[in-house]
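Working notes, structure below.
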Amino acid sequence: MPNDPQKTGLFSIASAIARQRQGEVRTYLNDAYRGRYLLGKRATMDSPGLAIIVQIDPALLIEGEELPAWAHVRLSLDGDTVLDHQATGSGAAGSILTQPYFSKIVDSQSQPFMVDVTRRLSVADIVNRPWIGGFALASLLVLLLLLFTRQLKANARKLQQDAREAERRAHLQEHETRLAHALRVNALGELASGIAHELTQPLTALLSQSQAALRLVSTDSPDPALLPKALSANVREAKRAGAMLKRMRDYISKREQKPVLADLNQIVADIAELVRADLEKRQIGLVLDLATPSPQAIVDPIEMEQVLHNLIRNAADALQEADTADRSIRIETVMPESGAIVRVTDTGPGIGAEALPRLFEPFFTTKIDGMGLGLALCASLVERIGGHIDVRNHPTGGATFTIALPPVEQHLKAAQ
Ligand code: ADP
Numbered sequence: 085m086p087n088d089p090q091k092t093g094l095f096s097i098a099s100a101i102a103r104q105r106q107g108e109v110r111t112y113l114n115d116a117y118r119g120r121y122l123l124g125k126r127a128t129m130d131s132p133g134l135a136i137i138v139q140i141d142p143a144l145l146i147e148g149e150e151l152p153a154w155a156h157v158r159l160s161l162d163g164d165t166v167l168d169h170q171a172t173g174s175g176a177a178g179s180i181l182t183q184p185y186f187s188k189i190v191d192s193q194s195q196p197f198m199v200d201v202t203r204r205l206s207v208a209d210i211v212n213r214p215w216i217g218g219f220a221l222a223s224l225l226v227l228l229l230l231l232f233t234r235q236l237k238a239n240a241r242k243l244q245q246d247a248r249e250a251e252r253r254a255h256l257q258e259h260e261t262r263l264a265h266a267l268r269v270n271a272l273g274e275l276a277s278g279i280a281h282e283l284t285q286p287l288t289a290l291l292s293q294s295q296a297a298l299r300l301v302s303t304d305s306p307d308p309a310l311l312p313k314a315l316s317a318n319v320r321e322a323k324r325a326g327a328m329l330k331r332m333r334d335y336i337s338k339r340e341q342k343p344v345l346a347d348l349n350q351i352v353a354d355i356a357e358l359v360r361a362d363l364e365k366r367q368i369g370l371v372l373d374l375a376t377p378s379p380q381a382i383v384d385p386i387e388m389e390q391v392l393h394n395l396i397r398n399a400a401d402a403l404q405e406a407d408t409a410d411r412s413i414r415i416e417t418v419m420p421e422s423g424a425i426v427r428v429t430d431t432g433p434g435i436g437a438e439a440l441p442r443l444f445e446p447f448f449t450t451k452i453d454g455m456g457l458g459l460a461l462c463a464s465l466v467e468r469i470g471g472h473i474d475v476r477n478h479p480t481g482g483a484t485f486t487i488a489l490p491p492v493e494q495h496l497k498a499a500q
């Protein structure tokens, strides 16, 4: 059988054996004997073609119980595998851990096999199961504790931040209130001469009525109907002067800011009384266009008067420079669907394109003696009560400042 692979294999081995020394035994591998190996020796020196070949199945060399189930055993000769016994026990499928490994050449001249033994390990091989469960539970508890502590710390930080923010706001508000007061006192100084002039009217009336009454009582037959008339006129004029002085005193009073439900038409009328004389002196007309019924809002009346006063003063300053025949300021109150609006419009030159976006910035001024604080303060006083203020140039010339205030119900809800 010339094509029998085993015979062909044996022939090539036999010629190798013929070159062996007397008595020497060598191991051979051949594809025709896969999974086995052959031991070859020359029979005698006299007949070189005669050899003794023993075929060995290495799997049968190891007893089943001798081979541990956890081990992967590999036997190889010059890199060619003779036996590859896979592990069958726990961890045979592999693990993430480094595998213990043993490798050694068998100390035999005739059968110099390389033996490799590998053991795959799983986590469970190293740590026993109850311990893993306990460890996992303890880790979970520690994790929960850490998360809880972190949450507590975050809450404490937030509370601290809120407290700092509230303190900062309170400081700011206190500064604003002081600044507002200082500016009111300063502004009233400017109005003083106009107010003094206003006061001369009721005082003159008081004087003339009193003189007339004196003359009346000194006559022989005084008319009894005239005396009460003169005295009533005196009471009326004295009340007028008293009201004017009260308004001044209230305006410059230093007191806590207190938003209350207020009548906007009344606030406009009060500030108009204070500025009327000054505007007359500067030959500037004042027109009031008040909605009926009067719009209401939650505001501090004095601060609202101050906002309007700033807008009226700025309008008057702009008109002072204006080269126009119609020099007037119009104050409107409007009641839209929700909230309330107060508008101040002048017939001055309007506001330049570069100044327009910067108008409410603190210290922005175009006046030689200006401080640039009026409009910044107006904006913050209005925003403090939930409103806002904006400005635009009127299509027919001049500037319009609009104060929009939130509806009363919204303010009450926010305060709850
Ligand atoms: P101040 O009056 O001290 O300048 P304000 O903050 O009140 O400070 O005003 C800032 C600037 O806004 C003014 O200098 C002026 O240039 C401009 N301005 C304000 N109101 C008007 C107005 N009605 N018409 C034209 N310009 C105005």
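Going by the numbering used here, the sequence shown opens with residue 85, and the numbers climb by one from there. A virtual CB, placed ideally from N, CA and C, is assigned to each residue, including glycine.
Burial check for Q390: the Cβ neighbour count within 10 Å reaches 16 or more, so the residue is buried.
Straight across, the Cα-Cα distance linking R103 with T128 is about 12 Å. The beta carbon of P379 sits closer than 6 Å to the beta carbons of L348, T417, M419 and A424 from its chain, once the five residues preceding and following it are set aside; these are given in chain order. For D307, the secondary structure class from DSSP, reduced to helix, strand or coil, is coil. For M198, the uninterrupted beta strand (DSSP E) run begins and ends at M198 to R203, by DSSP. Residue state for K125 is assigned as strand, using DSSP reduced to three classes. Per DSSP, the unbroken beta strand (DSSP E) holding F186 starts and ends at Y185 to I189. Cβ contact annotation for A488 (same chain, cutoff 7 Å, sequence separation greater than five): G423, I425, G471 and H472, in chain order. Uninterrupted beta strand (DSSP E) stretches at least 3 residues long and entirely within the stretch 263-287 do not occur. Bounds of the alpha helix (DSSP H) holding G458 are G458 to R468.
By the C-beta criterion, the stretch 383-397 is judged to be in contact with the stretch 334-346, since at least 3 inter-stretch pairs fall below 8 Å. Taking non-hydrogen atoms of the ligand ADP into account, the C-beta of N398 is found less than 6 Å away from one of them.
Distances from the CB of D362 to the heavy atoms of the ligand ADP are all 6 Å or more. Runs of the beta strand (DSSP E) spanning 3 or more residues and lying entirely within the stretch 314-397 occur at 344-347, 369-373 and 380-383, in chain order. In this structure, I355 lies away from L403, with their beta-carbon atoms at least 7 Å apart.
DSSP places N477 within a strand segment (E or B) once states are collapsed to three. Taking C-beta atoms as the reference points, R158 and D200 count as a pair closer than 7 Å.
Around H281, the same chain offers A361 and K365 as residues with beta carbons nearer than 8 Å, after the five sequence neighbours per side are excluded.
Contact between the stretch 289-304 and the stretch 255-268 is absent: fewer than three C-beta pairs spanning the two stretches fall below 8 Å.
With at least 16 other beta carbons inside 10 angstroms of its own, V352 counts as buried.
In this structure, A289 and E340 do not form a Cβ contact; the two beta carbons are roughly 37 Å apart against a cut-off of 8 Å.
Distance between L224 and G217, taken at the CA atoms: about 11 Å. Checking the DSSP bridge columns, you'll see S412 partnered with G369.
The stretch 430-443 makes contact with the stretch 404-411, as at least three CB pairs between them are under 8 Å. Annotation for A424: no alpha helix (DSSP H) segment contains it, though the beta strand (DSSP E) segment containing it runs A424 to D430.
Taking 7 Å as the cut-off, the Cβ atoms of P441 and A460 do not count as close.
A direct Cα-Cα distance of roughly 14 Å separates A437 from T449.
At least one heavy atom of the ligand ADP lies closer than 6 Å to the C-beta of A402. A171 carries a coil assignment under DSSP once its states are collapsed to helix, strand and coil. Approximately 6 Å separates the beta-carbon atoms of R331 and L358; this is inside 8 Å, confirming the contact. When only Cα atoms are considered, L113 and Q193 end up about 15 Å apart.
Nearest neighbour of T202 by Cα position, chosen from H156, G93 and R120, turns out to be H156. L363 is positioned such that its CB atom lies no closer than 7 Å to that of F485. Relative to the ligand ADP, the nearest heavy atom lies less than 6 Å away from the CB of D430.
Straight-line measurement puts the Cα of Y185 at about 15 Å from the Cα of H169.
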